[in-house]
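Below: one structure, written as structure tokens.
Protein chains in written order, with the working numbering: chain A, 40 to 487; chain B, 267 to 771.
Following this line, the structure appears as structure tokens:
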């Protein structure tokens, strides 16, 4: 990964401290982005096998970028803005992440391990294992000092709580604005837009214009919906926000919950899919569009329209795309020149990606050199809040995803919960926006 | 080393999932528990769909049986200090809790084919009580046993507890049973081939008020009489054992270094596998729908997969026991009470014992995996089979924990869940024969400590059932104690029966 040449910096140049070494960063961008752009893709060692790990999802939805930041363990480096002088440490390694003797565990257990049966009932070995396991378990050390106390939680009441400011949520917010229905849009990122701002552009997709039609007082950014709960005053979302750079809990009571949180970048199981240098497709488009950081040479793997749109976007911005492997279909018209249908992907490299191989349709193994493998598959719906609220979440075997079940107007099994967009199984951003509009119209009709 | 990761938070490979299926763990909840997928930092966000797709593709599950494991709040790791900032109105009882349908299992998960048409013993409830009893019966030679479980193994309180095991009790019976249980736990892996990770880091009970302090003082001599090395310690000594503990408002503490924590799930799997090896049938996702009785005997147990004619029925359904007993017109005095619990991000070892503030019902320990696992009772919790989660609980817990251990403010909660205590009027179990239905045996009412009692209780009960030798356990704790000769309920506040007062929460 590198910063694109000839692009003016988007913020102040600062330095951060990685285990005593000063590294350049741009103030305010995710510090994981600064680190990979500075040539440090390995940020951690994994919990059991001490495998090298680097950021994968850039959405705070995996565990690959957890670091000790200013003395606090297990902080998502991909969600933490870079600050001058911040102290970053890699966790779970001895003596260091670059030379970690516990990496040997990975070699001792080539097929994985069954800790339930290992040494079970073997005299002495069993006791020794228990002692060793306790010392090896866990990620990170308890903070040395008490945390500052947070301000008391705030309570907010609104008619409609919209979770997620992507294509579906923005379209819904526009309808609610036009109908003059009070709402609060809760967005985890620091800016609205979701894939409209961060994804590979979609031909004929909705524009970001709706953002400007929404009153800022109806929007909470950097706000994470933590759970749908209820108490004596009704159902509410617990939302973790940032106010004046300090965390604050907000309880959002609402008559309707319109859930448009999109999805999480899923794991695609293939050999070495956890190597530093393997990124989710949406992470790559985010890094490129928001922070001007991109691989020099990339191989792409996955399926769906986003895979091919991403390949073309990268190519346009100067990344050498050396392979695009569609695991499900023949490449569509307009796909990248290297695009083929294939299978059995594998990443290669010791501490980071150096190559990628796959089997071509019809046989024949191909191997290409690259510094990044980008995994672009449809996102895995973030069904958690909907399920907590009583929606049904069946498995869509065709797509291989759990999806929130709704009718055409976004109604779920729970009367006060509506859902639209990727959370219902995805599709294009255009489809998501249309579904968001329909859901907003339907739920407004039901309000007294 | 080349590996295909399916859950990279917990380093679970595709091969690990296949291995679990080969061991008989096929549904998503069971595969999660056996492999640990989805229990890490991301709580299944990146891996759930991939695991489900693999189970479906490799025909471990029918498509309709592929349901996600229950998503638990918080949706993202959340600092305890943030959760502690929510207001809690202690004057109000807790209400609600989400999600509500935690224990609704799709019919597609039900195994195909009928249950056996007859069996000598039918045990209702595949929690640790039922499975441990079945295993002990099988070991004693009685293998014509069927265990009926309405969900997956670990779906009930046996899979939802904090894994604490202690000998610090207030009545001789429980001290003795717990002591024996912990001995059996030490040999569990040798006997059943599965690790249960017993770690004897001790239990420290803190007392904030005079009456609780007196209770702890009184216990010391009782415990010592049974060879349990409990001693009273000063706040300074407690701080020596748990660095960073404030001991705020605490008068005194009691400490038994031989108490500890275990990992609950493998007990159920170990007992179940031990049963199956000896020919006992363990039937999961099978509901009891009714009974056939005649002549003061239960003749048949009716299930969603057919009827089982039987000689003896054991009711070991924990918090569900009164509901099942009702099908027989037997009124049990047990009441289910929700108890909530949570687990944090895993950290390197820093906390050796389990610590509990007996006055408030707060308890916390560090699991073998490094998570802080803890809960807190709520005196205002209404009765009911409720396993939903509340913000009220996490807030109360976070406040109480940070009071005693301020360094945890930045520690993040990964998930919260709930289970039900099976509460009896005297905090003691119900064991033995049922008045009016001679072949219905009770094995419930353990008020949140059944897990740690089960190995010893099951051993005694199997012995009693197999030999017919009398055992005072089954008369002392018989259902009859709750009513007088005229059949009226007795008042347990009056001190007619010994009440266990070392229950947390």
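Cβ coordinates follow ideal geometry from the N, Cα and C atoms, glycine included.
Proximal residues of chain A, C-beta to C-beta of residue i below 7 Å
{"i": "residue 267 of chain B", "result": "145, 146, 149"}
{"i": "residue 344 of chain B", "result": "265, 279"}
Interface partners of residue i on chain B, CB under 8 Å
{"i": "residue 86 of chain A", "result": "275, 276, 277, 306, 612"}
{"i": "residue 102 of chain A", "result": "274, 275, 306, 307, 308"}
{"i": "residue 426 of chain A", "result": "334, 336, 337, 365"}
{"i": "residue 290 of chain A", "result": "352, 657"}
{"i": "residue 309 of chain A", "result": "270"}
{"i": "residue 184 of chain A", "result": "673"}
Burial state of residue i (16 or more Cβ within 10 Å)
{"i": "residue 344 of chain B", "result": "buried"}
{"i": "residue 146 of chain A", "result": "exposed"}
{"i": "residue 140 of chain A", "result": "exposed"}
{"i": "residue 309 of chain B", "result": "buried"}
{"i": "residue 280 of chain B", "result": "buried"}
{"i": "residue 402 of chain B", "result": "buried"}
{"i": "residue 569 of chain B", "result": "buried"}
{"i": "residue 734 of chain B", "result": "exposed"}
{"i": "residue 759 of chain B", "result": "Here residue 759 of chain B scores only 44 on pLDDT, less than 50, and its place in the model should not be relied on; the value that follows carries that caveat. Looking at its Cβ environment, which holds fewer than 16 other Cβ atoms inside 10 Å, residue 759 of chain B is exposed."}
{"i": "residue 166 of chain A", "result": "exposed"}
{"i": "residue 450 of chain A", "result": "buried"}
{"i": "residue 593 of chain B", "result": "exposed"}
{"i": "residue 55 of chain A", "result": "buried"}
{"i": "residue 713 of chain B", "result": "buried"}
Where residue i falls: helix, strand or coil (DSSP)
{"i": "residue 399 of chain B", "result": "helix"}
{"i": "residue 668 of chain B", "result": "helix"}
{"i": "residue 583 of chain B", "result": "coil"}
{"i": "residue 424 of chain B", "result": "helix"}
{"i": "residue 386 of chain B", "result": "strand"}
{"i": "residue 347 of chain B", "result": "helix"}
{"i": "residue 507 of chain B", "result": "helix"}
{"i": "residue 282 of chain B", "result": "helix"}
{"i": "residue 272 of chain B", "result": "strand"}
{"i": "residue 786 of chain B", "result": "The question about residue 786 of chain B has no answer, for chain B in this structure spans 267 to 771."}
{"i": "residue 256 of chain A", "result": "helix"}
{"i": "residue 177 of chain A", "result": "coil"}
{"i": "residue 499 of chain B", "result": "strand"}
{"i": "residue 758 of chain B", "result": "Note on residue 758 of chain B: pLDDT 49, under 50, position unreliable in the model; no value is reported."}
{"i": "residue 748 of chain B", "result": "helix"}
{"i": "residue 531 of chain B", "result": "helix"}
{"i": "residue 461 of chain B", "result": "coil"}
{"i": "residue 693 of chain B", "result": "coil"}
{"i": "residue 277 of chain A", "result": "strand"}
{"i": "residue 216 of chain A", "result": "helix"}
Partners in chain A for residue i, counting only beta-carbon separations shorter than 8 Å
{"i": "residue 589 of chain B", "result": "Within chain A, no residue comes near residue 589 of chain B; the closest Cβ sits about 22 Å away, beyond 8 Å."}
From the options, residue whose alpha carbon lies closest to that of residue i
{"i": "residue 332 of chain A", "options": "A:269, A:285, A:411", "result": "A:411"}
{"i": "residue 40 of chain A", "options": "A:47, A:149, A:337, A:156", "result": "A:337"}
{"i": "residue 225 of chain A", "options": "A:43, A:395, A:407, A:296", "result": "A:296"}
{"i": "residue 741 of chain B", "options": "B:708, B:560, B:298, B:770", "result": "B:708"}
{"i": "residue 494 of chain B", "options": "B:443, B:511, B:687", "result": "B:443"}
{"i": "residue 711 of chain B", "options": "B:695, B:450, B:619", "result": "B:695"}
{"i": "residue 378 of chain A", "options": "A:263, A:361, A:217", "result": "A:361"}
{"i": "residue 93 of chain A", "options": "A:71, A:110, A:408, A:112", "result": "A:71"}
{"i": "residue 478 of chain A", "options": "A:85, A:419, A:133, A:208", "result": "A:208"}
{"i": "residue 417 of chain A", "options": "A:154, A:340, A:380", "result": "A:340"}
Cβ separation of residue i and residue j, assumed to be a contact under 8 Å, to the nearest whole Å
{"i": "residue 235 of chain A", "j": "residue 245 of chain A", "result": "6 Å"}
{"i": "residue 639 of chain B", "j": "residue 429 of chain B", "result": "7 Å"}
{"i": "residue 337 of chain B", "j": "residue 90 of chain A", "result": "Not confirmed; about 27 Å, so no contact."}
{"i": "residue 368 of chain B", "j": "residue 654 of chain B", "result": "7 Å"}
{"i": "residue 434 of chain A", "j": "residue 318 of chain B", "result": "6 Å"}
{"i": "residue 175 of chain A", "j": "residue 105 of chain A", "result": "Not confirmed; about 17 Å, so no contact."}
{"i": "residue 679 of chain B", "j": "residue 399 of chain B", "result": "35 Å between Cβ atoms; not a contact."}
Chain-ordered neighbours of residue i on chain A, where CB pairs are closer than 9 Å
{"i": "residue 456 of chain B", "result": "159, 160, 161, 162, 165"}
{"i": "residue 322 of chain B", "result": "434, 436, 439"}
{"i": "residue 624 of chain B", "result": "Neighbours of residue 624 of chain B on chain A: none; closest Cβ ~24 Å, over 9 Å."}
Partner residues on chain B for residue i, Cβ-Cβ distance less than 9 Å
{"i": "residue 452 of chain A", "result": "Ordered by position in chain B, no residue passes the 9 Å Cβ test against residue 452 of chain A, which lies about 10 Å from the chain."}
Chain B contact residues for residue i, given Cβ-Cβ distances below 7 Å
{"i": "residue 423 of chain A", "result": "337, 341"}
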